[in-house]
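> Structure provided below as structure tokens; questions to follow.
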Amino acid sequence: MELILESQNLQDYLQEIPPVIQFNNPSIQERIVEIQERSGSKIDQARWAFEIARDEIAHSFDTKDPIVTINAIDVIENKEGICFAKAHLLATLLRGLGIPAGFCYQRVLRNPKDPESGHALHGLNALYLEDYGWFRVDPRGNKPGVNSQFSIEKEQLAYPIRSEFGEIDYPNVFIAPLDTVITSMKNSKTSQELFFNRPEAL
Numbered sequence: 386m387e388l389i390l391e392s393q394n395l396q397d398y399l400q401e402i403p404p405v406i407q408f409n410n411p412s413i414q415e416r417i418v419e420i421q422e423r424s425g426s427k428i429d430q431a432r433w434a435f436e437i438a439r440d441e442i443a444h445s446f447d448t449k450d451p452i453v454t455i456n457a458i459d460v461i462e463n464k465e466g467i468c469f470a471k472a473h474l475l476a477t478l479l480r481g482l483g484i485p486a487g488f489c490y491q492r493v494l495r496n497p498k499d500p501e502s503g504h505a506l507h508g509l510n511a512l513y514l515e516d517y518g519w520f521r522v523d524p525r526g527n528k529p530g531v532n533s534q535f536s537i538e539k540e541q542l543a544y545p546i547r548s549e550f551g552e553i554d555y556p557n558v559f560i561a562p563l564d565t566v567i568t569s570m571k572n573s574k575t576s577q578e579l580f581f582n583r584p585e586a587l
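Counting from 386, one number per residue, gives the positions in the sequence shown under the working numbering.
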């Protein structure tokens, strides 16, 4: 897929967007320093940041935990969040490491096994590395039937898009999370509410 950038200026994909994307925070900086100490190259740093967001942050829909985290700081401190929150954290870590990162979305079935369940947006990320250009990764978190990996040459995302069920893989790379996404998160008292409150499309 050819990605469509909101901006051609890489600096736009490195900025903080308070309060959701803030990397000058002790909790975030601690992980950034850890990544820098463990990984010398940008590709290794990006992979480590991805694995933190994918593996160390539980997905609220999997755990049934009612907490709704939005800002990257809350995600790292609570170790919990849905796909949007995990994407917010990954973008924050990457931008804090000096790696341009943006926000991508897919329209998927709420219940992948039920075509009548309706649709909801799913959030993931795109990042830029000088030697490779832009590519997408999905920090959703793996489970049986979901195997998302840090893969440059061939995407390995969480969900295969099935157009026959009205699912859409949007090529856009946004500088900031969608306002509709943030609003749906703020308006949800629990993750169970958020499951149904997520926007259905861009």
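A virtual CB, placed ideally from N, CA and C, is assigned to each residue, including glycine.
#1: Tyrosine 490 and leucine 506 look like a contact to me (Cβ under 8 angstroms); what is the Cβ gap, rounded to whole Å?
#2: In terms of alpha-carbon separation, which member of Asn496, Ala431 and Gly466 lies closest to leucine 478?
#3: Within 10 angstroms of its Cβ, does arginine 547 collect 16 or more other Cβ (buried), or is it exposed?
#4: Let me know if arginine 525 comes out buried or exposed under the rule of 16 or more other beta-carbons within 10 Å of its beta-carbon.
#5: Can you have a look at leucine 395 and say buried or exposed, based on whether 16 or more other CB atoms are within 10 angstroms of its CB?
#6: Would you list, in sequence order, the uninterrupted alpha helix (DSSP H) runs of no fewer than 4 residues that lie entirely inside the stretch 441 to 512?
#7: For tyrosine 513 and proline 485, which I take to be in contact (beta-carbon distance under 8 angstroms), what is that distance rounded to the nearest angstrom?
#8: Would you please state the rounded distance, in angstroms, between the beta carbons of glutamate 561 and isoleucine 402? I believe it to be under 8 angstroms.
#9: Tell me which same chain residues have a C-beta within less than 6 angstroms of the C-beta of aspartate 523, skipping the five on either side of it?
#10: Rounding to the nearest angstrom, what Cα-Cα distance links leucine 579 and serine 569 in this structure?
#11: Which of the three DSSP states is assigned to phenylalanine 550 in this structure?
#12: Out of Leu494, Ile567 and Arg583, which has the shortest C-alpha to C-alpha gap to glutamate 552?
#13: Could you check where the beta strand (DSSP E) with arginine 521 kicks off and where it finishes?
#14: Where does asparagine 394 sit, in a helix, a strand or coil, going by DSSP?
#15: Do three or more CB pairs link the stretch 462 to 480 to the stretch 399 to 417 at distances below 8 angstroms?
#16: If we ignore side chains and look at the alpha-carbon of each, how far apart do serine 502 and glycine 487 end up?
#17: For phenylalanine 580, does the three-state DSSP call read helix, strand or coil?
#18: How should glycine 481 be labelled, buried or exposed, when 16 other C-beta atoms within 10 angstroms of its C-beta is the threshold for buried?
#19: Which residue marks the beginning of the alpha helix (DSSP H) containing valine 418, and which one marks its end?
#20: What do you get for aspartate 564, buried or exposed, if any count of 16 or more other CB atoms within 10 angstroms of its CB means buried?
Looking at the atomic coordinates:
#1: In the sequence shown, the residue the question calls residue 490 occupies position 105. In the sequence shown, the residue the question calls residue 506 occupies position 121. Sure, about 5 angstroms apart at Cβ, within 8 angstroms.
#2: The count along the sequence shown starts at 1 and reaches residue 478 at position 93. Per the Cα distances, Ala431.
#3: Sequence index remark: in the sequence shown, residue 547 carries index 162 (1-based). Here arginine 547 is exposed: its Cβ has fewer than 16 other Cβ atoms, across all protein chains shown, within 10 Å.
#4: Residue mapping note: residue 525 aligns to position 140 of the sequence shown, counting from 1. Per the 10 Å Cβ criterion, buried.
#5: Reading the sequence shown from its first residue, position 10 is the one you call residue 395. Within 10 angstroms of the beta-carbon of leucine 395 lie fewer than 16 other beta-carbons, which makes it exposed.
#6: Listed in chain order, the alpha helix (DSSP H) runs fully inside the stretch 441 to 512 are 445 to 448, 457 to 463 and 468 to 481, counting runs of at least 4 residues.
#7: As a first step, residue 513 is located in the sequence shown; it is residue number 128 there, counting from the start. As a first step, residue 485 is located in the sequence shown; it is residue number 100 there, counting from the start. Between tyrosine 513 and proline 485, the beta carbon gap of about 4 angstroms places them in contact (Cβ cut-off 8 angstroms).
#8: Residue numbering aside, residue 561 sits at position 176 when the sequence shown is read from its first letter. Residue numbering aside, residue 402 sits at position 17 when the sequence shown is read from its first letter. Correcting the residue type first, residue 561 is alanine in the shown sequence and not glutamate. Here alanine 561 really is in contact with isoleucine 402; their C-beta atoms are around 5 angstroms apart, less than 8 angstroms.
#9: Locating residue 523 in the sequence shown gives position 138, where the first residue counts as 1. Leu509, Ser533, Leu542 and Ala543, listed in sequence order.
#10: By one-based count along the sequence shown, residue 579 stands at place 194. By one-based count along the sequence shown, residue 569 stands at place 184. In a straight line, the C-alpha of leucine 579 is about 7 angstroms away from that of serine 569.
#11: To locate residue 550, count along the sequence shown from 1; it is residue 165. When secondary structure is reduced to three states using DSSP, phenylalanine 550 falls in the helix class.
#12: In the sequence shown, residue 552 corresponds to position 167, counting from 1. Checked all of Leu494, Ile567 and Arg583; the closest Cα to glutamate 552 is Leu494.
#13: Numbered from its first residue, the sequence shown carries residue 521 at position 136. For arginine 521, the uninterrupted beta strand (DSSP E) run begins and ends at 518 to 522, by DSSP.
#14: Mapped onto the sequence shown, residue 394 falls at position 9. Coil at asparagine 394, not helix or strand.
#15: Touching, yes.
#16: The count along the sequence shown starts at 1 and reaches residue 502 at position 117. The count along the sequence shown starts at 1 and reaches residue 487 at position 102. Rounded to whole angstroms, serine 502 to glycine 487 spans 29 angstroms at the Cα level.
#17: Working through the sequence shown from its first residue, we reach residue 580 at position 195. If DSSP states are grouped into helix, strand and coil, phenylalanine 580 belongs with the helices.
#18: Counting from one through the sequence shown, the residue named residue 481 turns up at place 96. Flag for glycine 481 reads buried.
#19: Position 33 of the sequence shown, counted from the first residue, corresponds to residue 418. Looking at the DSSP string, the run of the alpha helix (DSSP H) that includes valine 418 is 411 to 423.
#20: Sequence index remark: in the sequence shown, residue 564 carries index 179 (1-based). Note on aspartate 564: under 16 other CB atoms within 10 angstroms of its CB, so exposed under the neighbour-count rule.
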